[in-house]
Amino acid sequence: MTDTEAAPTWSLPDDRDSVRDALIDWYEADHREFPWRRTDDPYAILVSEVMSQQTQLDRVVEAWEAFLERWPSTTELAAADRADVVGFWTDHSLGYNNRAKYLHEAAGQIESDYDGRFPESPDELQELMGVGPYTANAVASFAFNNGDAVVDTNVKRVLYRAFDVPDDDSAFEDAAADLMPADRSRVWNNAIMELGGVACEQTPSCDEAGCPWREWCSAYASGDFTAPDVPTQPSFEGSRRQFRGRVIGTLREYDELELDTLGHRVRVDYAPNGEYGREWLRGLLTDLEADGLVELDRNAEPVVARLRR
DNA sequence: ATCCCGTCGG
DNA sequence: CCGACGGGAT
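Residues in the first sequence are numbered consecutively from 1, following full-length UniProt numbering.
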């Protein structure tokens, strides 16, 4: 026998159905109300998922409503200027403006490749720009009740603590899939992420939140609430990301800007031939250009930059 | 100072 | 597989 697979060192409770029912009952009895939980429009759900990947949910609500009012469907969004979509992202402090571009591009894909209608399977949804495994399953679940088990950091933390699933992506996927009741991805994925969001947070509130899994939970029994490591980010102040943000913000105020002018507005210590000079700025701008956010007119003399329309 | 965290591109 | 990616809230 050439099988080298080790037997799993973890196992889910025998009475899966009790575990499942307990979570679904807990979720249905009481949960946070978010407006995107009241729609099954895949476009509206996609927008909410992309926004919430980077921003606290409370701040997403307003932005989500405003975005849908301005661009109610992929038809309007695909026809929009990219600069306006990126500008909206900045105005609403939604972070990574790359994701505004992804959304804009995905809307274009839906219009041109899918005849204006969203595909319903996770595999097809993943073809859309900016849509990876998590978002594909979320949209398939919440719009079509047709997803597989989502695995995000909330779900990982829950599985790691409750059932000792090791910190390993394929183990998390297997466990999450085993646990999800067939054909109930909509309520299930909402419920397990809600559990991670309000009961099994970084510092857990098992009793306060009335966690429905206390009787099965390994961490609750042992008192060890260790969670999988989440990589910490380098500081934002002075980072390249901060200056990218400033370039976008500055270019929004002007139709176009010559490079040295832009440089001086972006950082006080800009010196054309210094450490933070033209070479540094060109580096930033060519990346922003490759990211589809900025256009450079290399024929102009001197070269000018503007937001991509 | 730390948290939030999935996707893309190389 | 790993580094890059925004900026407000706490």
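In this text, a Cβ means the ideal position worked out from N, Cα and C, and glycines have one as well.
As the structure is a prediction and not an experimental result, all values here were calculated from the model.
- Under a 10 Å Cβ-count criterion, Phe142 is classified as buried, with 16 or more other Cβ atoms of the shown protein chains found around its own Cβ.
- Between Gly108 and the set Asp21, Tyr43, Cys200, the nearest pair of CA atoms involves Tyr43.
- When the Cα atoms are used, Arg282 and Gly116 turn out to be separated by approximately 38 Å.
- Taken through DSSP and simplified to helix, strand or coil, Arg32 comes out as coil.
- Counting of Cβ neighbours within 10 angstroms places Ser18 among the exposed residues, the total staying below 16.
- With contacts defined as CB atoms closer than 9 Å, Asp269 and Tyr276 qualify as a contacting pair.
- In summary, Phe67 is buried, with 16 or more beta-carbon neighbours lying within 10 Å of its beta-carbon over all protein chains present.
- Between the beta-carbon of Ala138 and that of Leu179 there is about 17 Å, and that puts the pair past the 8 Å contact cut.
- Burial is judged here by how many other beta carbons sit within 10 angstroms of a residue's own beta carbon; Phe236 has fewer than 16 and is exposed.
- Per DSSP, Glu301 has no beta bridge partner at all.
- Between Gly196 and Thr203, the alpha-carbon positions lie close to 11 Å from each other.
- For Arg252, the secondary structure class from DSSP, reduced to helix, strand or coil, is helix.
- In chain order, Asn97, Ala100 place their CB closer than 6 Å to the CB of Trp89, counting only its own chain and leaving out the 5 sequence neighbours on each side.
- In this chain, the alpha helix (DSSP H) harbouring Glu279 covers 278-290.
- When C-beta atoms of the region 154-164 are compared with those of the region 215-226, three or more pairs fall below 8 Å, so the two segments count as touching.
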